[in-house]
Amino acid sequence: MFLVSRNEGKIKEFKDLGLSECVDVVPVSLDKVEIQSDDLALIALYSAVQASLYLRDFFFVEDAGLYITSLKGFPGPYSSYVYKTIGVDGVLKLLSGVVDRTAYFESVIVLHCPRQGFKVFKGSVWGTISFEARGSSGFGFDPIFIPEGHTRTFAEMDLETKNSLSHRARAFRAMVSWLRTAYKSQVQEI
């Protein structure tokens with residue numbers, strides 16, 4: 460199955476989810492327009508529709524965002540842009556002096572099925588924003604996100620631990636579960 464993405468961190472995470480015996484992730488880079496919207500699912504669906512003009516087989520696209528409660532969900536679907544412009548340090552500055560550091564990551568996967576159209580899968584993980592960047596693993600806002608029930612940021616965790624908790628892994632597992640049900644004879648058991 461093809462993953463339409465240029466994001467090396469995202470590609471690595473999907474490949475390392477431990478589901479390769481069920482779904483082999485093959486990255487594909489396509490020139491496409493990424494719309495700006497407050498709706499993460501709409502962004503992913505738009506990307507999938509564009510990719511379907513070039514790919515006829517099974518493929519999926521994924522988009523994700525970090526939603527910080529005290530910032531009314533900012534940066535949300537604009538996370539990539541915010542990361543590129545103000546980065547982790549900029550987000551930490553926005554939260555300077557803020558007590559409520561509750562946040563969640565959300566991932567939306569849109570799967571293209573040749574005969575069934577598009578299917579949407581979501582995954583999320585709640586946690587808090589740390590007071591400083593910690594760790595060197597992962598990418599994006601991983602150095603400041605501490606998943607609920609843990610003391611380490613995603614960037615301080617090994618990939619296996621992160622993938623057992625992450626929003627992206629939860630959305631991917633939901634997609635694989637649906638595929639196993641919809642295409643029983645063609646998708647191996649995990």
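If you read the sequence shown in my numbering, its first letter stands for residue 460, the second for the next number, and so on. Backbone N, C-alpha and C define an ideal beta-carbon position, used for all residues, glycine too.
Among the options, the one whose alpha carbon lies nearest that of residue i
{"i": "L525", "options": "G599, T610, W637", "result": "G599"}
{"i": "K552", "options": "H609, L530, L501", "result": "L530"}
{"i": "P534", "options": "P573, D497, S596", "result": "D497"}
{"i": "F517", "options": "I568, C572, A562", "result": "C572"}
{"i": "A592", "options": "F473, D601, Y642, Y513", "result": "D601"}
Cβ shell of residue i (< 6 Å), same chain only, five flanking positions each side left out
{"i": "S589", "result": "I603, I605, T612"}
{"i": "K469", "result": "none"}
DSSP state of residue i mapped onto helix, strand, coil
{"i": "E607", "result": "coil"}
{"i": "S583", "result": "strand"}
{"i": "S464", "result": "coil"}
{"i": "R504", "result": "Sequence inspection shows Leu at residue 504; the Arg mentioned does not correspond to that position. If DSSP states are grouped into helix, strand and coil, L504 belongs with the helices."}
{"i": "E472", "result": "helix"}
{"i": "D548", "result": "helix"}
{"i": "F613", "result": "helix"}
{"i": "F519", "result": "strand"}
Whole-number beta carbon distance between residue j and residue i, since they are thought to touch under 8 Å
{"i": "V520", "j": "V463", "result": "5 Å"}
Same chain only: Cβ atoms within 8 Å of residue i, ignoring 5 sequence neighbours per side
{"i": "S596", "result": "F613, A614, E615, M616, D617, L618, K621"}
### Query
Taking contact to mean at least 3 C-beta pairs separated by less than 8 Å, is the segment 577–597 in contact with the segment 500–518?
yes
### Query
Between the segment 626–636 and the segment 559–574, are three or more C-beta pairs nearer than 8 Å?
yes
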